[in-house]
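The structure appears right after this line, and notes come after that.
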Amino acid sequence: MTTAVWAAGQDYPSKPVTLVIGFAPGGGNDVMGRLLAEHLRAELGQPMVVENKAGADGAIAAQFVAKSVADGYTLLSGSSGMMAYNPGLKPALTYDPAKDFVPITMIGYSQLLFSVPLGLPVHSLADLVKLAKSRPGRLFYASPSSPHQVAFEAFKQKTGIDIQQVPYKGSGPAILAAVSGEVQVLVSSVSDALPQIRAGKLRPLAVTGKERSGFVKDVPTVIEQGVDFESASWIGLYAPAGTPSAVADKLYRAVSKVLASEKFKEGCVAVGYEMSPLMPPAEFAAFQRDELERWTKVINDLNLRIGN
Numbered sequence: 023m024t025t026a027v028w029a030a031g032q033d034y035p036s037k038p039v040t041l042v043i044g045f046a047p048g049g050g051n052d053v054m055g056r057l058l059a060e061h062l063r064a065e066l067g068q069p070m071v072v073e074n075k076a077g078a079d080g081a082i083a084a085q086f087v088a089k090s091v092a093d094g095y096t097l098l099s100g101s102s103g104m105m106a107y108n109p110g111l112k113p114a115l116t117y118d119p120a121k122d123f124v125p126i127t128m129i130g131y132s133q134l135l136f137s138v139p140l141g142l143p144v145h146s147l148a149d150l151v152k153l154a155k156s157r158p159g160r161l162f163y164a165s166p167s168s169p170h171q172v173a174f175e176a177f178k179q180k181t182g183i184d185i186q187q188v189p190y191k192g193s194g195p196a197i198l199a200a201v202s203g204e205v206q207v208l209v210s211s212v213s214d215a216l217p218q219i220r221a222g223k224l225r226p227l228a229v230t231g232k233e234r235s236g237f238v239k240d241v242p243t244v245i246e247q248g249v250d251f252e253s254a255s256w257i258g259l260y261a262p263a264g265t266p267s268a269v270a271d272k273l274y275r276a277v278s279k280v281l282a283s284e285k286f287k288e289g290c291v292a293v294g295y296e297m298s299p300l301m302p303p304a305e306f307a308a309f310q311r312d313e314l315e316r317w318t319k320v321i322n323d324l325n326l327r328i329g330n
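If you want it as structure tokens, here you go:
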């Protein structure tokens, strides 16, 4: 370690740190990012400024952070969509998830959930498939980011139905569209839809994990209902490529303390997010590479593409 790098780690942070979030306020990425920032503030001893840069499935935020000065003062709340799905979906993507960032660690994850407005006469995936086949191309689903789109497109392919996608710039707007009946299906994280489910405004149909979610224990998985598919969304902390290793190490140590705190765990549970096992940077980087390879193949097999 050079003297300059060591000094950078010792002095960091000496001013406020900005955490960039790629989605509109109110969704899981936003809530988890703000929760992390709140707890990191105490660990780092500096203010944490949260900045939402919504649009293009998080690509706008990712590109912004990728091009930021690599000094640890601009960080990304990086979603699975930004880091594992977008490269397959967006041929003209202006950042490289594998090269433009330093992975710090995973923060948490949430299963995906298919739900419908209460006014729709659908109580299971079989009901949804039956309705969709009776009205091909006339039903719509809301998806706030690329993992949600890919999950539902895979479901459509496996069941032979035609439901049209309506993209939104975050879970908040997508959920409002579903609750109001503007769309017939919502594809979201469990965490995002949980308040509306508990309030009796949305009817959950299925979760996409291998096992049922502890947050909606009565909701069967997609696999239980005869469709072989599983998925989850996750969030991690990233710095721009070139960030000094001493700074990245200090961030990892600070986040590790946050993830171990009971208050942070309680905050995650309150918003419906699962805690992941602590991943050191190298392990998180390997996990992301595996996810990128897996979902790029799925996207290519589905022949999905969306513009930037």
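All you need for the numbering used here is the position in the sequence shown, starting with 1, plus 22. All C-beta atoms, glycine included, are put in the ideal place defined by N, C-alpha and C.
Item, Value
"Cβ shell of G194 (< 6 Å), same chain only, five flanking positions each side left out", "A46, G48 and G49"
"8 Å contact criterion, which S211 and S132 should meet: CB distance rounded", "4 Å"
"Same chain, Cβ closer than 7 Å to P125, neighbours up to 5 away in sequence not counted", "G258, Y260, P303, F306, A307 and Q310"
"Short Cβ contact (8 Å threshold) for L66 with A276", "yes"
"Straight-line gap, S253 to L300 (C-alpha atoms, nearest Å)", "20 Å"
"V241 classed as buried or exposed, judged by whether at least 16 other C-beta atoms fall within 10 angstroms", "buried"
"H170 versus P266 - alpha carbon distance", "34 Å"
"Close Cβ partners of S90 (< 7 Å) along its chain, the five nearest in sequence each way excluded", "T96 and P262"
"Cross-strand partners of N74 (DSSP beta bridge)", "I43"
"Alpha carbon of L62 to alpha carbon of A282, nearest angstrom", "12 Å"
"Coarse secondary structure for G110, derived from DSSP in three states", "helix"
"Inter-stretch contact (C-beta, 8 Å, three-pair minimum) for the stretch 149 to 164 and the stretch 205 to 223", "yes"
"CB contact flag (P226, S168, <8 Å)", "no"
"Buried/exposed call for N325, threshold 16 Cβ in 10 Å", "exposed"
"DSSP bridge partner residues for G258 (one or two, in chain order)", "G100 and M128"
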